[in-house]
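Taking this note's numbering, the leading residue of the sequence shown gets 4, the next gets one more, and so forth. Every residue gets a Cβ at the ideal spot worked out from N, C-alpha and C, and that includes glycine. Model, not experiment: these values are computed from the prediction.
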Amino acid sequence: MKQPGEDQQSSKAAAAFDDTTPLAREISDLTRRRQRIASETLPRPAKTRVITISNQKGGVGKTTTAVNLSAALARQGARVLVIDLDPQGNASTALGVEHRAETPSVYDVIVNDEEMAAVVQNSPEFGSLFCVPATIHLAGAEIELVSLVAREQRLNRALESHLKTMDDPYDYVFIDCPPSLGLLTINAFVAAREVLIPIQCEYYALEGLSQLLKNIELIEKHLNPDLGVSTILLTMYDSRTNLANHVAQDVREHFPKQVLNTLIPRSVRVSEAPSYGQSVISYDLNSAGSLSYLEAAAEIAHRGAPKTGVAL
């Protein structure tokens, strides 16, 4: 027998889960996005795309972006290499590859002229995802590079040599930079053809960006005429705040062609994943953060694909 008020409580519960509630709309939206991603086949680039991920401001999501975009593309069948050029080695950690002090690493490549093929490791994330790890030795590389011949070209030469020896070259190479504009970052700019800039949707987002763009322009003029800013990705987006929306609008107005449509939200899952030695793609594929990186990866793939590109 129903208790007094039970019908009223049932009606309230049903109303709470109908399609007009914010929670129901969010679940419905995530479901649609998952279905769209599952049905999508990404185009394959005509040749290896080398993309440096850089922003001199720390904490904007450079490493998170490098790891999750590479994992998202690898999950779709692309062959992807991540070069960890940050002495902290966070990308190496997130991709689950060994990077203790004695591990052959990118330091040996740019300072000791080691062949890149000798230091590449396969990430346990996906069979087509590879990483050149960083070790603590990289912390002193800035000083050691100063006295070396062609110090700005060392990563570029090693990468070009590695790609030429491959029967099946990578589709994408992502270079994760330290939060500075030293010789390591210059090496990354010289080795790349594209720059991807993650911008945090917060007050100081555009501070230092003009200086970064000036440095990229100088590299383009004097060292690498093929370099250009191809992509800007808005990260740590919180739609509940006016500030995030204003920052996103400002960036889109300044860089209408470079900014991706996809926004990367603030996400607990994205933050948790590296502590398990994983990308968010493998840690929680169905989370909002994972879906956003999958969508961003798809945008990047479509933007750089030839008109007659073959599917991955």
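Hey, quick one: how far does the alpha helix (DSSP H) through residue i stretch, first residue to last?
i: Thr67; result: 65-78
i: Val83; result: Looking at the DSSP string, Val83 is not in any alpha helix (DSSP H); the run it does join, the beta strand (DSSP E), is 83-87.
i: Phe192; result: 186-194
Measure from the alpha carbon of residue i to the alpha carbon of each residue in the options, then state which is nearest.
i: Ala120; options: Gly307, Glu147, Val85, Leu98; result: Val85
i: Ile146; options: Met239, Arg103, Val114; result: Val114
i: Ala208; options: Ser164, Leu72, His249, Ala94; result: His249
i: Leu148; options: Gly130, Ile178, Leu186; result: Leu186
i: Met239; options: Thr34, Glu29, Arg37, Val63; result: Val63
i: Arg160; options: Val193, Ser293, Ile178; result: Val193
i: Pro277; options: Asn93, Val254, Val109; result: Asn93
i: Tyr279; options: Ile235, Val100, Val83, Ser164; result: Val100
Looking at residue i: is its Cβ nearer than 9 Å to the Cβ of residue j?
i: Val112; j: Leu158; result: yes
i: Cys134; j: Leu88; result: no
i: Leu141; j: Ala74; result: no
i: Pro48; j: Asp174; result: yes
i: Tyr296; j: Thr51; result: no
i: Leu237; j: Leu212; result: no
i: Gln91; j: Pro172; result: no
i: Leu33; j: Leu294; result: yes
i: Asp179; j: Lys65; result: yes
i: Val176; j: Val83; result: yes
Would you kindly work out how many angstroms separate the C-alpha atoms of residue i and residue j, rounded to a whole number?
i: Ile222; j: Glu155; result: 10 Å
i: Ala18; j: Arg272; result: Unreliable positioning characterises Ala18 in this predicted model, as indicated by a pLDDT of 47, which lies under 50. A coordinate reading is not provided.
i: His305; j: Ala299; result: 10 Å
i: Ala137; j: Gly61; result: 18 Å
i: Pro228; j: Thr106; result: 34 Å
i: Arg39; j: Leu151; result: 50 Å
i: Arg28; j: Tyr286; result: 24 Å
i: Lys167; j: Ser126; result: 22 Å
i: Asn289; j: Ser233; result: 28 Å
i: Gln124; j: Ser108; result: 9 Å
i: Gln79; j: Ser282; result: 14 Å
i: Ile303; j: Gly130; result: 21 Å
i: Glu118; j: Ile284; result: 30 Å
i: Arg269; j: Phe258; result: 22 Å
i: Ser164; j: Ile139; result: 25 Å
i: Val313; j: Gly307; result: Only weak support is given to the placement of Val313: the predicted model assigns it a pLDDT of 45, under 50, and the question is left unresolved by the model.
Could you give the first and the last residue of the continuous beta strand (DSSP E) run that contains residue i?
i: Thr265; result: 262-268
i: Gly231; result: 231-240
i: Gln203; result: 197-203
i: Val271; result: It is not in any beta strand (DSSP E) - Val271 instead sits in the alpha helix (DSSP H) that spans 271-275.
i: Asp170; result: Element bounds for Asp170: n/a, residue is neither H nor E.
i: Ile367; result: This structure leaves residue 367 out entirely; the chain is present only between 4 and 315.
Is there contact between the stretch 52-65 and the stretch 200-216, where contact requires at least three CB pairs shorter than 8 Å?
-> yes
When the Cβ atoms of the stretch 40-50 are set against those of the stretch 208-220, are three or more pairs found closer than 8 Å?
-> no
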